[in-house]
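Colleague: Dropping the structure in here first, questions after.
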Amino acid sequence: DSSVTELNLRRNSFTELVDNMFSNFTSLTHVYLTSNQISQVSPVAFTGCPIAVIAIDFNRLTAFPDFNAISGSLRTLTISHNPLTHIKDQDVENLLLTHLYAFGIHFNLSYGLFHNLKNTISDTHMAYLNDITDELSSVFEHYTVLESLRLDKNEISTFPDVSPLSKTLRSLDLNYNNISSIPSNIFANFTSLAELTMKENPLREIPNLGAAANNLETLLHLDGNSISVLPSDIFDGYISLTTLTLSRNLLTDYVKTDSGLDIIPTDIPVGVTSVNLQKNQLTSLGSNSFSAYGDLSELNLGKNDITWISPEAFEGCPITYLNVYGNQLTSIPDFSAIELHNREALVYLDLESNILNYIDKDAFNETSLVFLNLKSNMLTELRGWTGIGETLQKLIIAHNQLTWIARAFRGTSIANLFLSRNSLSQMPDLCAINQTLELIHLNRNLLSFISSQEVECLSLLKTFSIENCQIT
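Just so we're on the same page, my numbering is the position in the sequence shown counted from 1, plus 1.
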């Protein structure tokens, strides 16, 4: 059909693209050949087609195909995960590619390869390249339009000289390399950098981005490094940053002290909306730990060693999502200081895998919880809570030691209730949520009998699970 513009041939058994194979498709602009067994491509396979996008990744190509017949139209080429042994300069010298994705292959990096694409390429992704190590010092000298550069999962130990890209580069990905430091002035003249991701490197400190920090508007991902200390002024100038992640580092403290010396500074960009500090070694959160962040709505503190959170730790923050999974809390923190955000207080709260053994009846006042996870704690009884309101829809209290539940669900609108792996010997009273409850899990409790009266009021119930109880 000459009117076809897009052809999807993924996951078939093609082994070869022969002469004029697609020539009848005179309107074809996109062809997807991912995950076949193609080992050869005829130079005239696409003759007569205005092809702009080719995906020929996950095949068996050992040589770079000749695309000269469509050099005038081809703009995006995905050739990743082929057993290519080399890419010659002349393979791309006539191409006008704007996007080249060539990761998961093994070839010698050639300056000519980059040089021939210097005036057109705006996005390139080259990960898992066997021979990309530290020879990138002058590769980008003549680039004019490169906006996105991804060199993740290589063996780079010296930060590449990307300074020639200062006017165009918006996104830089160096995840999973061996970079331990960044030259202090490498980003001095950058005007467009919006995203920097350097997960899983051995960085010991936050990079100093200089003037580029003013434009870093989207994200700074530094998970899985070796950062242990954050100087108090390190985020000066990050006026546009909205997402900062520092999980799996070596941060040891987060307490505001009278002397003003903070390990985690209070001058993280004031406009930040999401902060991820999971898998560190935080032990407590002092007063006003996050009070400077008037737009902070998501905070992940999972997998630390937090035993105490000050009632004023979140004062003034519009936090709606809070993850404190896998810490050492023995009581529910006071959330009353959290600022209302769009008329909603705390909506999502994850307290799984702490050591809670009692919950005060007023623990959830001043919240608008929709989701509450109390799984894998040490709770033995559940009493009614005041202030939790009709917003609560999903409650998880599995893997505790509950023996008794007394009118705990009054005033809520719970639709999904998880009580598995407790020590309940009696069916809990669910009449208070008979108009909302759709799912309940009571697996692996000590229930031996459930009467029809205990469940007949549950008019909306769709899933009732009582696996591995003692019902006879």
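Glycine is no exception: its CB is placed at the ideal position from the N, C-alpha and C atoms.
Whose CA, out of Leu462, Phe450, Asn328, Phe104, lies closest to the CA of isoleucine 415?
Modeller: For this step, residue 415 is matched to residue 414 along the sequence shown. Nearest option by C-alpha distance: Leu462.
Colleague: Would DSSP call isoleucine 228 helix, strand or coil?
Modeller: On the sequence shown, position 227 is the one that residue 228 refers to. Correct three-state label for isoleucine 228: coil.
Colleague: When DSSP labels each residue in this structure, what does glutamine 41 get in the three-state scheme?
Modeller: Translated into the one-based positions of the sequence shown, residue 41 becomes position 40. Looking at glutamine 41 - three-state DSSP - the assignment turns out to be strand.
Colleague: Are leucine 78 and leucine 101 touching if we call contact CB-CB under 7 Å?
Modeller: For this step, residue 78 is matched to residue 77 along the sequence shown. For this step, residue 101 is matched to residue 100 along the sequence shown. The answer is yes: Cβ separation under 7 Å.
Colleague: Provide the residue span of the beta strand (DSSP E) that contains aspartate 351, from first to last.
Modeller: Here residue 351 refers to the residue found at position 350 of the sequence shown. Run containing aspartate 351: 347 to 351, per the beta strand (DSSP E) assignment.
Colleague: Once you ignore the five residues that flank cysteine 458 on each side, which residues in its own chain have a CB closer than 8 Å to its CB?
Modeller: One-based indexing of the sequence shown puts residue 458 at position 457. Result list for cysteine 458: Leu431, Cys432, Asn435, in chain order.
Colleague: Identify whether glutamate 7 lies in helix, strand or coil by the three-state DSSP scheme.
Modeller: Translated into the one-based positions of the sequence shown, residue 7 becomes position 6. Note: glutamate 7 maps to strand in three-state DSSP.
Colleague: Rounded to whole angstroms, what's the CA-CA distance from phenylalanine 15 to serine 172? Just pull it up for me.
Modeller: Within the sequence shown, numbered from 1, the residue matching residue 15 stands at position 14. Within the sequence shown, numbered from 1, the residue matching residue 172 stands at position 171. C-alpha separation (whole angstroms): 35 Å.
Colleague: Quick one, which of Ser426, Ile207, Glu468 has its alpha-carbon nearest threonine 444's?
Modeller: The residue given as residue 444 occupies position 443 in the sequence shown. With the sequence shown as reference, residue 444 is identified as asparagine, and threonine is not the correct amino acid for it. For asparagine 444, the nearest C-alpha among the options comes from Glu468.
Colleague: Threonine 65 and leucine 75: beta carbons closer than 7 Å?
Modeller: Counting from one through the sequence shown, the residue named residue 65 turns up at place 64. Counting from one through the sequence shown, the residue named residue 75 turns up at place 74. Residue identity differs from the one stated: residue 65 is phenylalanine in this sequence, not threonine. No. Outside cutoff.
Colleague: For lysine 257, which of helix, strand or coil comes out of DSSP?
Modeller: Here residue 257 refers to the residue found at position 256 of the sequence shown. Note that lysine 257 scores a pLDDT of 28, beneath 50, so its modelled location is shaky and nothing firm can be said.
Colleague: Under 7 Å Cβ to Cβ from methionine 428, same chain only, skipping five residues before and after it: list those, please.
Modeller: One-based indexing of the sequence shown puts residue 428 at position 427. Cβ neighbours of methionine 428 beyond the five flanking positions: Leu448, Ile451, Glu455.
Colleague: Is it buried or exposed, aspartate 479, if we count other Cβ atoms within 10 angstroms and call 16 or more buried?
Modeller: For the chain, the structure presents residues 2 to 473; residue 479 sits outside this window and is missing.
Colleague: In the structure shown, what three-state DSSP assignment does valine 325 receive?
Modeller: Locating residue 325 in the sequence shown gives position 324, where the first residue counts as 1. If DSSP states are grouped into helix, strand and coil, valine 325 belongs with coil.
Colleague: Which partner residues does lysine 395 have in the DSSP bridge list?
Modeller: Indexing the sequence shown from 1 puts residue 395 at position 394. Answer is Phe372, Asn417, bridged to lysine 395.
Colleague: Rounded to a whole number of angstroms, what is the C-alpha to C-alpha distance between glutamate 439 and valine 371?
Modeller: Within the sequence shown, the letter at position 438 stands for residue 439. Within the sequence shown, the letter at position 370 stands for residue 371. Using only the alpha carbons, I get a separation of about 15 Å.
Colleague: With DSSP collapsed to three states, give me the class of valine 456.
Modeller: Indexing the sequence shown from 1 puts residue 456 at position 455. Valine 456: coil per DSSP, three-state reduction.
Colleague: Please give me, in chain order, every unbroken run of the beta strand (DSSP E) with length at least 3 that falls completely inside the segment 55 to 91.
Modeller: 77 to 79
Colleague: Can you have a look at arginine 249 and say buried or exposed, based on whether 16 or more other CB atoms are within 10 angstroms of its CB?
Modeller: Residue 249 sits at position 248 when you count from the first residue of the sequence shown. Per the 10 Å Cβ criterion, buried.
Colleague: Using only CA atoms, which one of Ile356, Ser40, Ile320, Ala338 lies nearest to leucine 330?
Modeller: Residue mapping note: residue 330 aligns to position 329 of the sequence shown, counting from 1. Comparing Cα-Cα distances from leucine 330 to each of Ile356, Ser40, Ile320, Ala338, the minimum goes to Ile356.
Colleague: In three-state terms, what does DSSP make of alanine 407?
Modeller: Along the sequence shown, one-based indexing puts residue 407 at 406. The three-state secondary structure of alanine 407, taken from DSSP, is strand.
Colleague: Would DSSP call serine 182 helix, strand or coil?
Modeller: Sequence index remark: in the sequence shown, residue 182 carries index 181 (1-based). Three-state DSSP puts serine 182 in coil, outside helix and strand.
Colleague: Where glutamate 155 and lysine 200 are concerned, what is the direct C-alpha to C-alpha distance, given to the nearest angstrom?
Modeller: Your numbering for residue 155 matches position 154 in the sequence shown. Your numbering for residue 200 matches position 199 in the sequence shown. Inspection of the sequence shows that residue 155 is occupied by asparagine rather than by glutamate. If I take the Cα positions, the gap works out to 13 Å.
Colleague: In three-state terms, what does DSSP make of asparagine 301?
Modeller: Mapped onto the sequence shown, residue 301 falls at position 300. Note: asparagine 301 maps to strand in three-state DSSP.
Colleague: Using 8 Å for Cβ pairs, my map puts isoleucine 406 next to leucine 383. What's the rounded Cβ distance?
Modeller: Here the question's residue 406 lines up with position 405 in the sequence shown. Here the question's residue 383 lines up with position 382 in the sequence shown. Isoleucine 406 to leucine 383, Cβ: 4 Å. Contact.
Colleague: Taking all protein chains shown into account, decide if glutamate 353 is buried (16 or more other Cβ within 10 angstroms of its Cβ) or exposed.
Modeller: Sequence index remark: in the sequence shown, residue 353 carries index 352 (1-based). Glutamate 353 should be labelled buried.
Colleague: Which two residues bound the contiguous beta strand (DSSP E) that contains valine 273?
Modeller: In the sequence shown, residue 273 corresponds to position 272, counting from 1. First-last for valine 273: undefined, no H or E at that position.
Colleague: Going by other Cβ atoms of all chains shown within 10 Å of its Cβ, with 16 needed for buried, is asparagine 186 buried or exposed?
Modeller: Residue mapping note: residue 186 aligns to position 185 of the sequence shown, counting from 1. Exposed.
Colleague: Is serine 164 helix, strand or coil when you go by DSSP?
Modeller: Start at 1 with the first residue of the sequence shown, and residue 164 comes out as number 163. Serine 164 falls in the helix class under three-state DSSP.
Colleague: Apart from the five residues on each side of it in sequence, which residues of its chain come closer than 8 Å, Cβ to Cβ, to proline 165?
Modeller: Here residue 165 refers to the residue found at position 164 when the sequence shown is read from its first residue. Result list for proline 165: Phe141, Glu142, His143, Tyr144, in chain order.
Colleague: How about leucine 97 and threonine 125: do their beta carbons lie closer than 7 Å?
Modeller: The sequence position of residue 97 within the sequence shown is 96, counting from 1. The sequence position of residue 125 within the sequence shown is 124, counting from 1. Result no, Cβ atoms of leucine 97 and threonine 125 do not sit closer than 7 Å.
Colleague: Determine which residues share a DSSP beta bridge with histidine 400 and list them.
Modeller: If you number the sequence shown from 1, residue 400 lands on position 399. In the DSSP output, where bridge partners are listed per residue, histidine 400 has none listed.
Colleague: Quick one: is proline 266 buried, meaning 16 or more other Cβ sit within 10 Å of its Cβ, or exposed?
Modeller: If you number the sequence shown from 1, residue 266 lands on position 265. With a pLDDT of 46 at proline 266, under the threshold of 50, the modelled position of this residue cannot be trusted; read the value that follows with caution. So proline 266 counts as buried.
Colleague: What would DSSP say about valine 19, mapped onto helix, strand or coil?
Modeller: Position 18 of the sequence shown holds residue 19. In the structure shown, valine 19 sits in coil (DSSP, three-state: anything other than H, G, I, E or B).
Colleague: Below 8 Å on the Cβ atoms is my guess for asparagine 401 versus asparagine 378; work out the distance and round it to an integer in Å.
Modeller: Along the sequence shown, read from residue 1 onward, the residue named residue 401 stands at position 400. Along the sequence shown, read from residue 1 onward, the residue named residue 378 stands at position 377. Confirmed, Cβ separation roughly 5 Å.
Colleague: Looking only at DSSP bridge pairs, what is asparagine 25 linked to?
Modeller: Your numbering for residue 25 matches position 24 in the sequence shown. DSSP, once it has assigned bridges, lists no residue as partnering asparagine 25.
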